[in-house]
Amino acid sequence: MRETPSAQFQRPRFIRTAYAAVGLTLFAAYLISTFPYSTTLSNVLAPMGLQVSSERQSASFPFGAQLSGVRLISTRPTSAHLLVESPAVTIAPAFLSMLTTHPGVRVKAALYDGVVNVTIRPSGGGTAISYDLDSIELARQQLWTIPGASAAGALSGSGNLLLSPADIAETGAGELSAARLTLTSALASSPIRLGDGHSKFKLDQGTLTIEELTTSGGDLILTGEGTIQLAPDPGESELAIQFTLSTSPTAASQLGMLLAMLPHPPGPLPYHLTGTLNNPRIS
Numbered sequence: 428m429r430e431t432p433s434a435q436f437q438r439p440r441f442i443r444t445a446y447a448a449v450g451l452t453l454f455a456a457y458l459i460s461t462f463p464y465s466t467t468l469s470n471v472l473a474p475m476g477l478q479v480s481s482e483r484q485s486a487s488f489p490f491g492a493q494l495s496g497v498r499l500i501s502t503r504p505t506s507a508h509l510l511v512e513s514p515a516v517t518i519a520p521a522f523l524s525m526l527t528t529h530p531g532v533r534v535k536a537a538l539y540d541g542v543v544n545v546t547i548r549p550s551g552g553g554t555a556i557s558y559d560l561d562s563i564e565l566a567r568q569q570l571w572t573i574p575g576a577s578a579a580g581a582l583s584g585s586g587n588l589l590l591s592p593a594d595i596a597e598t599g600a601g602e603l604s605a606a607r608l609t610l611t612s613a614l615a616s617s618p619i620r621l622g623d624g625h626s627k628f629k630l631d632q633g634t635l636t637i638e639e640l641t642t643s644g645g646d647l648i649l650t651g652e653g654t655i656q657l658a659p660d661p662g663e664s665e666l667a668i669q670f671t672l673s674t675s676p677t678a679a680s681q682l683g684m685l686l687a688m689l690p691h692p693p694g695p696l697p698y699h700l701t702g703t704l705n706n707p708r709i710s
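Going by my numbering, the sequence shown opens with residue 428, and the numbers climb by one from there.
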């Protein structure tokens, strides 16, 4: 059966359209895979005193790139050090933000035996961040430490933050939970099992408000609430937290030395945690 003149005319036009679509798709994929992600991330985070570097970048189809040997470093003079490192990070442009003059990025990172998903974009003079954490091993992280002690457990949670150069954290809210939470201290003869923990927080003009903090299923049961006034040097952040403790019969003997240092025995009477993260005080 012979094709009609109309069909013969439409076929070349369809082929040209298909070639154009494939070409545009490959061109877009090339642009996205060669996008300077580390530089863009550093530009976004620079006002916060942070810098991102990576050892290698390769394409991650259909869109985005794979970075290896990624390091997040604090560049603040008072606290310049490595904060986070990941062996593998998948990163892509945040497409809606590409329509503006301040493009952002979406990040999925393998981090300390868990996974982190983050969207980062400039917002005003600061940085807007939304995040989702899944099973991050606390024992391996370097972002924060407990003076004279160490923590272990799997951290998960989600939330959003608006960071600014002046106030560190302007606004935000989120939830965090920890499974198999354990503290180790020279003041306790054995690790302190806190079991599972859960917290809810919000941020407003540099003040972190802990709305809920609870643990369950461990040797030491904790409930608390309060505020942390964040400082440019995290160690100088001011504490105003109230909490209560109760212990299991077994833990009371194991934690005797630690409990003896408290201003009163565990029970319904609350403790008050003040001072700074570098120099906390309990009353």
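Positions of the beta carbon are idealized from the N, C-alpha and C atoms, including for glycine.
In this structure, the straight-line span from the alpha carbon of residue 668 to that of residue 637 is close to 8 Å.
Per DSSP, residue 676 is one residue of the alpha helix (DSSP H) stretching across 676–681. Bounds of the beta strand (DSSP E) holding residue 650 are 647–656. At the C-beta level, residue 648 and residue 674 come within 9 Å of one another. Counting of Cβ neighbours within 10 angstroms places residue 554 among the buried residues, the total reaching 16 or more.
The straight-line gap separating the alpha-carbon atoms of residue 604 and residue 541 is approximately 14 Å. Here the alpha carbons of residue 519 and residue 626 stand approximately 31 Å from one another. In the three-state reduction of the DSSP assignment, residue 473 falls in the helix class.
Note: residue 513 is bridge-paired with 497 in the DSSP secondary-structure output. Cβ atoms of residue 496 and residue 481 come within 8 Å of each other, at about 6 Å.
In this structure, residue 538 lies away from residue 502, with their beta-carbon atoms at least 9 Å apart. Residue pairing by DSSP leaves residue 661 without any beta bridge partner. Rounded to the nearest whole angstrom, the CA to CA distance from residue 708 to residue 584 is 28 Å. Annotated three-state conformation of residue 567 is helix, per DSSP. A distance below 9 Å separates the beta carbons of residue 704 and residue 666. For residue 708, the beta-bridge partners assigned by DSSP are 701.
Contact check for residue 566 against residue 576 fails: the beta carbons are separated by 9 Å or more. Nearest to residue 560 by C-alpha distance, out of 549, 587, 550 and 551, is 587. In the DSSP secondary-structure assignment, residue 484 is bridged to 494.
For residue 635, the enclosing beta strand (DSSP E) has its first and last residue at 634–643. Rounded to the nearest whole angstrom, the C-alpha separation of residue 651 and residue 685 is 19 Å. Taking a contact as a CB-CB distance under 8 Å, the pair residue 653 and residue 642 does not count as one, their CB atoms being some 16 Å apart.
Nearest in C-alpha terms to residue 632, of all of 622, 639 and 658, is 658.
A Cβ-Cβ distance of about 11 Å is found for the pair residue 611 and residue 580, leaving them out of contact under the 8 Å criterion.
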